[in-house]
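**Q** If you read the sequences in order, they're chains A and B. Heads up, the first sequence is in our numbering, so the first residue is -18 and it goes up one at a time. Heads up, the second sequence is in our numbering, so the first residue is -18 and it goes up one at a time. Pasting a structure below so you can have a look.
2 protein chains.
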Amino acid sequence: MRKFLIVAIFFPTISFTQSSDSVVIRQIYDEALSNSPVYENLRYLCKEIGHRLSGSVGAAAAVTYTKQLMESYDFDTVFLQPVMVPYWVRGKKEIVRIVDSKAGPMELAGIALGNSIGTGPDGIRAEVIEVGGMEEVAELGEKVKGKIVFYNGPMDPTIMQTFRAYGNAVRQRASGASEAAKYGAKAVIIRSITQSLDDTPHTGSMRYQVNVHRIPAFAISTKAANRLSDLLKQSQVEVYLESHCEMREDVLSYNVIGQINGSENPDEYIAVGGHLDSWDVGEGAHDDGSGCMQGIEAVRLFKALNISPKRTIRAVMWMNEENGLRGGREYARVAEETAEKHIAAIESDRGGLLPVGFTSTGPDEKVEKFRSWGPLFRPYGLYDFSNPGGGADIGPLSQQGTFLIGLLPDSQRYFRYHHTADDVFETVDRRELELGAASMAAMIYLIDKYGL
Amino acid sequence: MRKFLIVAIFFPTISFTQSSDSVVIRQIYDEALSNSPVYENLRYLCKEIGHRLSGSVGAAAAVTYTKQLMESYDFDTVFLQPVMVPYWVRGKKEIVRIVDSKAGPMELAGIALGNSIGTGPDGIRAEVIEVGGMEEVAELGEKVKGKIVFYNGPMDPTIMQTFRAYGNAVRQRASGASEAAKYGAKAVIIRSITQSLDDTPHTGSMRYQVNVHRIPAFAISTKAANRLSDLLKQSQVEVYLESHCEMREDVLSYNVIGQINGSENPDEYIAVGGHLDSWDVGEGAHDDGSGCMQGIEAVRLFKALNISPKRTIRAVMWMNEENGLRGGREYARVAEETAEKHIAAIESDRGGLLPVGFTSTGPDEKVEKFRSWGPLFRPYGLYDFSNPGGGADIGPLSQQGTFLIGLLPDSQRYFRYHHTADDVFETVDRRELELGAASMAAMIYLIDKYGL
Chain A
-18 MRKFLIVAIF
-8 FPTISFTQSS
2 DSVVIRQIYD
12 EALSNSPVYE
22 NLRYLCKEIG
32 HRLSGSVGAA
42 AAVTYTKQLM
52 ESYDFDTVFL
62 QPVMVPYWVR
72 GKKEIVRIVD
82 SKAGPMELAG
92 IALGNSIGTG
102 PDGIRAEVIE
112 VGGMEEVAEL
122 GEKVKGKIVF
132 YNGPMDPTIM
142 QTFRAYGNAV
152 RQRASGASEA
162 AKYGAKAVII
172 RSITQSLDDT
182 PHTGSMRYQV
192 NVHRIPAFAI
202 STKAANRLSD
212 LLKQSQVEVY
222 LESHCEMRED
232 VLSYNVIGQI
242 NGSENPDEYI
252 AVGGHLDSWD
262 VGEGAHDDGS
272 GCMQGIEAVR
282 LFKALNISPK
292 RTIRAVMWMN
302 EENGLRGGRE
312 YARVAEETAE
322 KHIAAIESDR
332 GGLLPVGFTS
342 TGPDEKVEKF
352 RSWGPLFRPY
362 GLYDFSNPGG
372 GADIGPLSQQ
382 GTFLIGLLPD
392 SQRYFRYHHT
402 ADDVFETVDR
412 RELELGAASM
422 AAMIYLIDKY
432 GL
Chain B
-18 MRKFLIVAIF
-8 FPTISFTQSS
2 DSVVIRQIYD
12 EALSNSPVYE
22 NLRYLCKEIG
32 HRLSGSVGAA
42 AAVTYTKQLM
52 ESYDFDTVFL
62 QPVMVPYWVR
72 GKKEIVRIVD
82 SKAGPMELAG
92 IALGNSIGTG
102 PDGIRAEVIE
112 VGGMEEVAEL
122 GEKVKGKIVF
132 YNGPMDPTIM
142 QTFRAYGNAV
152 RQRASGASEA
162 AKYGAKAVII
172 RSITQSLDDT
182 PHTGSMRYQV
192 NVHRIPAFAI
202 STKAANRLSD
212 LLKQSQVEVY
222 LESHCEMRED
232 VLSYNVIGQI
242 NGSENPDEYI
252 AVGGHLDSWD
262 VGEGAHDDGS
272 GCMQGIEAVR
282 LFKALNISPK
292 RTIRAVMWMN
302 EENGLRGGRE
312 YARVAEETAE
322 KHIAAIESDR
332 GGLLPVGFTS
342 TGPDEKVEKF
352 RSWGPLFRPY
362 GLYDFSNPGG
372 GADIGPLSQQ
382 GTFLIGLLPD
392 SQRYFRYHHT
402 ADDVFETVDR
412 RELELGAASM
422 AAMIYLIDKY
432 GL
């Protein structure tokens, strides 16, 4: 705010320009809050198609739906960009069962982690050993041999930026299985990465290290984790695990792209969107149906208001963010190959929640210019332009020097729903979703007008 | 922010003080985010007691529950303050039915407005005439005679501060019946005051003018309002209305009060809380179970952290905000009578949603002091201290010069739930609720330490 005020005092013409910009931005928000189809579009994606893990029938349906949607809005060009994606399938529902403990047998709310191998129909039965994090496994060494390692590291509830707390806690999910396998563990169970205390397990991707024996990985709900931990304080606990998941051959899928061609610099691009794939539970409403529908809406707002951009603005639905990032990588590769110069890319992948700002990654002078627009967003509740960041799918574009921007919604509610059966349409608020779309459209308007 | 920085430069000792304050405030938020029972307390109020309109069994149960809860936290003094309240009962479910239109008969989602008289078992059948607002009724004059006036003024979706949009739209609900009755209307139907487009009607209080014939008043859902309006464009429409509500004799109820006595100035008070009554649909989760539970939690946080206040800090559950404000008036009257000097009062009555700041009402120099604390709240997402306001229940305290403060949550989601069957526990987020309680506790800490 201070920076803007100082600039305005010394160069009053900029103040006039900003005032005309504020009129256009007001029109963008008014249109989004009054006439936007974004909420109904998300309802369709969630309720008629549902979840859409890469390679699944749902993902294929979502490709067709979003292509048709952008065609129905009469975007100048709508096309599919082929990309081979991993195809992981969960199979029959998992079993996580305490078979022997001081309190007797007990079912625990559990779910296989994405990319994990299955136990097969015979399952795995073993004693459980609890650890607080990855370091403890190395300390225990041979003591974990033949056992199921239970990673019970919590997500810190006192950290206000919940994505930071998530980042601290997620390592055990991503890498815990291979770490435990090095010392002979039979399987791993992870405490769900959430600050909520409930009985819904959270899935998410894990990775196997090369040359390390692969063992199955599960998550259990935070309530189940507390129960298991309590029992382990009283006595030895044996658990039976069963999962039928497997990674199959890669399959053909698509990034879905729709654009309005630029009137002056059509070979300069500004991309906006989210990832079309989701986990195979719930409806992927916040993660990331919201970001996809907001990306399309950001472009539709230009058409609805008859704003003709100088550059080409593009809505992109990237495929396979959750368990491979193939779509984001292929998009950047093709952009490089065909010399599509992306001056900026904006991703919305933190839920369809109340926007409070934008993150950004780029050279200092561009970040400074970007932040100077902050005051224009203040009337709409966006005040935080201070954090670095962008989005997983647009990350690969940094190789060609693209300025990366992430829509930043308030993060307090996000990890209630993240990667669970609870990530459904009903948890998204219409106005919050609309405000996110309008914010991205307004940012594109400024980037298109002034460059970066 | 700038003001604070300037002060800090000229008086470095203040900067040190603020730094020690920031440590205490961090402890308050950490405790609320880690160990708070506020969410479980709200669950009990909503799920075990439910709605609690003044005079009802639910209201009586809520009085007992909140008294026992504060006793269980070992507050120094917990007591009930008697107050006579209106006792309005809805009776058998209302009927709002199109009986004659081009599209045939049709039920509309409707609900009687609070304080309205009923139609009685014979109901009212009449032609409907639509108006956009109160002014149009006077313009139509005799044309409304014998008809049902349908107020279809919408709540403006483009206004970011939704309480302002509500304020603009609510006049037709509060005063529309008497205005229409002056010209001989038989009854009124109001478009629900919400920006949502759905099939849930919103109740809320209405008032009859003295010496004007009383006619029944209903609200219908926004979808029903659109349907009715569409039909009226095509042909004459007749509607049948039936309601069984009535205002009974005043009954005895209570404000519920619990406090920690001040160690240095026990005769100076800082009050915090919300209103315990709710409408008789839903669970009054956001309106205002959240504010009540946050008020108790704000005081509990002092005990949990062993912070001994200089002044007496008091959690207050005011009774009868919704349809009379008797509790707030009686509280201020007793405070005046017994010379309880309230230096400040904080109300949370805008939902258990993400706190973004505080409103305030008082003399300029106090407002300035209050705003100078803003930077201490910035790490917790509170950035807006600019708006006037307080809360309905604490308003009467302004007569004794009390500085009035309102917790200000983001308002985008509030009017989805307000005064409906959808205002239930599940729509409240644990972290947002906790942050509101912590914010009020931190503000009380500063007021207690530095005065106002």
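For glycine and all other residues, C-beta sits at the position ideal for the given N, C-alpha and C.
(1) Does the beta-carbon of serine 341(B) have 16 or more other beta-carbons within 10 angstroms, so that it is buried, or is it exposed?
(2) Tell me the DSSP bridge mates of alanine 252(B)?
(3) So valine 220(B) packs on arginine 78(B), CB below 8 Å; how close in whole Å?
(4) Does the beta-carbon of serine 244(A) have 16 or more other beta-carbons within 10 angstroms, so that it is buried, or is it exposed?
(5) Which bits of chain B does proline 360(A) rub up against, with CB to CB less than 8 Å?
(6) By DSSP's criteria, leucine 385(B) is part of a beta bridge. Which residues make up the other side?
(7) Whole-angstrom Cβ separation of serine 367(B) and threonine 143(B), contact assumed at under 8 Å?
(8) For alanine 9(A) versus alanine 419(A), is the C-beta distance shorter than 8 Å?
(9) Just list the beta strand (DSSP E) runs in the segment 67 to 151 of chain B, keeping only unbroken ones of 3 residues or longer that don't cross its boundaries, in chain order.
(10) Determine whether the Cβ of arginine 411(B) lies closer than 8 Å to any Cβ atom of chain A.
(11) So which residues on chain B does serine 15(A) lean against when the C-beta distance must stay under 8 Å?
(12) When DSSP builds the beta bridges, which residues end up paired with proline 336(B)?
(13) Note the first and the last residue of the continuous alpha helix (DSSP H) segment covering asparagine 192(B).
(14) Which residues in chain A sit within 8 Å of serine 173(B), going by Cβ to Cβ distance?
(15) At what residues does the alpha helix (DSSP H) containing glutamine 215(A) begin and finish?
(16) Assuming valine 118(A) and alanine 161(A) form a contact by the criterion Cβ under 8 Å, report the distance between their Cβ atoms to the nearest whole angstrom.
(17) Would you report the Cα separation of histidine 399(B) and aspartate 231(A), rounded to the nearest angstrom?
(18) Have a look at the DSSP bridge pairing and note the partners of glutamine 62(A).
(19) Give me, in chain order, the residues of the same chain whose beta-carbon lies closer than 6 Å to that of alanine 423(B); leave out the 5 immediate sequence neighbours on both sides.
(20) Using only the alpha-carbon positions, how far apart do threonine 147(A) and aspartate 258(B) sit?
(21) State whether the segment 189 to 199 of chain A contacts the segment 46 to 62 of chain A, with contact taken as three or more CB pairs (one from each stretch) at a distance under 8 Å.
(22) Starting from the beta carbon of tyrosine 364(A), find every residue of chain B whose beta carbon is closer than 8 Å, and list them in chain order.
(23) Identify, in the order they occur along the chain, each residue of the same chain with its Cβ nearer than 8 Å to the Cβ of arginine 106(B), setting aside the five sequence neighbours on each side.
(24) By DSSP, does proline 369(A) sit in helix, in strand, or in coil?
(25) Let me make sure I understand the geometry here. Which of Ile294(B), Phe358(B) and Met298(B) has the alpha-carbon closest to that of valine 280(B)?
(26) Just the Cα atoms here: how many angstroms apart are proline 336(B) and leucine 14(B)?
(27) For serine 329(A) and chain B, any beta-carbon pair shorter than 8 Å?
(28) Would you say leucine 222(A) reaches chain B, if we count a Cβ-Cβ gap shorter than 8 Å as a contact?
(29) Taking DSSP as the reference, what is the three-state secondary structure of valine 409(A)?
(30) Who are the Cβ neighbours of serine 329(A) in its own chain at under 7 Å, not counting the five residues just before and after it?
(31) Please report the distance separating the alpha-carbon of alanine 206(B) from that of aspartate 137(B).
(32) Check leucine 414(A) in the structure and name its three-state DSSP category.
(33) Using three-state DSSP, classify cysteine 226(B) as helix, strand or coil.
(34) Please report the distance separating the alpha-carbon of serine 234(A) from that of asparagine 301(A).
(35) For glutamate 111(A), which residues of its own chain have a beta-carbon under 7 Å away from its beta-carbon, when the five flanking residues on both sides are left out?
(36) Would you please verify whether the beta carbon of leucine 388(A) is less than 8 Å from any beta carbon of chain B?
**A** So, from the listed chains and residues:
(1) Position 360 of the second sequence, counted from the first residue, corresponds to residue 341(B). Burial call: buried.
(2) Mapped onto the second sequence, residue 252(B) falls at position 271. When beta bridges are read from the DSSP output, alanine 252(B) appears opposite Arg295(B) and Ala326(B).
(3) What you label residue 220(B) is simply residue 239 of the second sequence in a count that begins at 1. What you label residue 78(B) is simply residue 97 of the second sequence in a count that begins at 1. Between arginine 78(B) and valine 220(B) the Cβ distance is about 7 Å, and since that is below 8 Å, they are a contact.
(4) On the first sequence, residue 244(A) is found 263 positions in, with the first residue counted as 1. So serine 244(A) ends up on the exposed side.
(5) Here residue 360(A) corresponds to residue number 379 of the first sequence, with the count starting at 1. Under a criterion of Cβ atoms nearer than 8 Å, the residues of chain B adjacent to proline 360(A) are, in order, Met141.
(6) The residue given as residue 385(B) occupies position 404 in the second sequence. Note: leucine 385(B) sits in a beta bridge opposite Ala326(B) and Thr342(B).
(7) In the second sequence, counting from the first residue as 1, residue 367(B) sits at position 386. In the second sequence, counting from the first residue as 1, residue 143(B) sits at position 162. Distance from serine 367(B) to threonine 143(B) at the Cβ level is roughly 17 Å; contact not present, criterion being Cβ atoms closer than 8 Å.
(8) Taking the first residue of the first sequence as position 1, residue 9(A) is located at position 28. Taking the first residue of the first sequence as position 1, residue 419(A) is located at position 438. For clarity, residue 9(A) is isoleucine in the given sequence; the question names alanine instead. A contact, by the Cβ cut-off of 8 Å.
(9) For the segment 67 to 151 of chain B, whole beta strand (DSSP E) runs of length 3 or above, ordered along the chain, are 76 to 81, 91 to 93, 105 to 112 and 129 to 132.
(10) Within the second sequence, the letter at position 430 stands for residue 411(B). Yes, contact with chain A.
(11) For the purposes of this step, residue 15(A) is identified with residue 34 of the first sequence, where counting begins at 1. What serine 15(A) touches in chain B: Pro138 and Thr139.
(12) Taking the first residue of the second sequence as 1, we reach residue 336(B) at position 355. Paired residues: Pro390(B).
(13) Position 211 of the second sequence, counting from 1, holds the residue named residue 192(B). For asparagine 192(B), no alpha helix (DSSP H) segment is defined, and its DSSP state is neither H nor E.
(14) The residue given as residue 173(B) occupies position 192 in the second sequence. Close to serine 173(B), with beta-carbon spacing below 8 Å, lies no residue of chain A; the smallest spacing is near 15 Å.
(15) To locate residue 215(A), count along the first sequence from 1; it is residue 234. Counting along the chain, the alpha helix (DSSP H) containing glutamine 215(A) begins and ends at 203 to 215.
(16) To locate residue 118(A), count along the first sequence from 1; it is residue 137. To locate residue 161(A), count along the first sequence from 1; it is residue 180. That pair is a contact at about 5 Å.
(17) Walking along the second sequence from the start, residue 399(B) turns up at place 418. Walking along the first sequence from the start, residue 231(A) turns up at place 250. C-alpha separation (whole angstroms): 49 Å.
(18) For the purposes of this step, residue 62(A) is taken as residue 81 along the first sequence, with counting starting at 1. Asn236(A), per the DSSP bridge assignment.
(19) Your numbering for residue 423(B) matches position 442 in the second sequence. Around alanine 423(B): Ile6 and Ile9.
(20) Here residue 147(A) corresponds to residue number 166 of the first sequence, with the count starting at 1. Here residue 258(B) corresponds to residue number 277 of the second sequence, with the count starting at 1. Reading the sequence as shown, one finds tyrosine at residue 147(A) and not threonine. Each residue's Cα considered, the two are about 39 Å apart.
(21) No: fewer than three Cβ pairs fall under 8 Å.
(22) Along the first sequence, read from residue 1 onward, the residue named residue 364(A) stands at position 383. Correct list: Tyr364.
(23) On the second sequence, residue 106(B) is found 125 positions in, with the first residue counted as 1. For arginine 106(B), where only same-chain residues beyond five positions count, the Cβ hits under 8 Å are Val80, Glu219, Val220, Tyr221 and Leu222.
(24) Working through the first sequence from its first residue, we reach residue 369(A) at position 388. It is a strand residue.
(25) Start at 1 with the first residue of the second sequence, and residue 280(B) comes out as number 299. The shortest Cα separation from valine 280(B) among Ile294(B), Phe358(B) and Met298(B) belongs to Ile294(B).
(26) On the second sequence, residue 336(B) is found 355 positions in, with the first residue counted as 1. On the second sequence, residue 14(B) is found 33 positions in, with the first residue counted as 1. Distance between the alpha carbons of proline 336(B) and leucine 14(B): 14 Å.
(27) For the purposes of this step, residue 329(A) is identified with residue 348 of the first sequence, where counting begins at 1. It does not; no Cβ of chain B falls within 8 Å.
(28) To locate residue 222(A), count along the first sequence from 1; it is residue 241. Leucine 222(A) does not count as touching chain B.
(29) The residue given as residue 409(A) occupies position 428 in the first sequence. Three-state DSSP puts valine 409(A) in coil, outside helix and strand.
(30) The residue given as residue 329(A) occupies position 348 in the first sequence. Short of 7 Å from the beta carbon of serine 329(A), and not among the five residues preceding or following it, lie these beta carbons of its own chain, in chain order: Gly255, Ser271, Gly272, Gln275, Gly276, Leu388, Gly417 and Met421.
(31) The residue labelled residue 206(B) in the question sits at position 225 within the second sequence. The residue labelled residue 137(B) in the question sits at position 156 within the second sequence. Alanine 206(B) and aspartate 137(B): Cα-Cα distance of roughly 15 Å.
(32) The residue labelled residue 414(A) in the question sits at position 433 within the first sequence. In this structure, leucine 414(A) counts as helix in the three-state DSSP scheme.
(33) Here residue 226(B) corresponds to residue number 245 of the second sequence, with the count starting at 1. Three-state result, cysteine 226(B): coil.
(34) Mapped onto the first sequence, residue 234(A) falls at position 253. Mapped onto the first sequence, residue 301(A) falls at position 320. If you draw a straight line from the Cα of serine 234(A) to the Cα of asparagine 301(A), it comes to about 9 Å.
(35) Taking the first sequence and counting its residues from 1, one reaches residue 111(A) at position 130. Result list for glutamate 111(A): Phe131, Asn133, Ser210 and Leu213, in chain order.
(36) Within the first sequence, numbered from 1, the residue matching residue 388(A) stands at position 407. So, not an interface residue.
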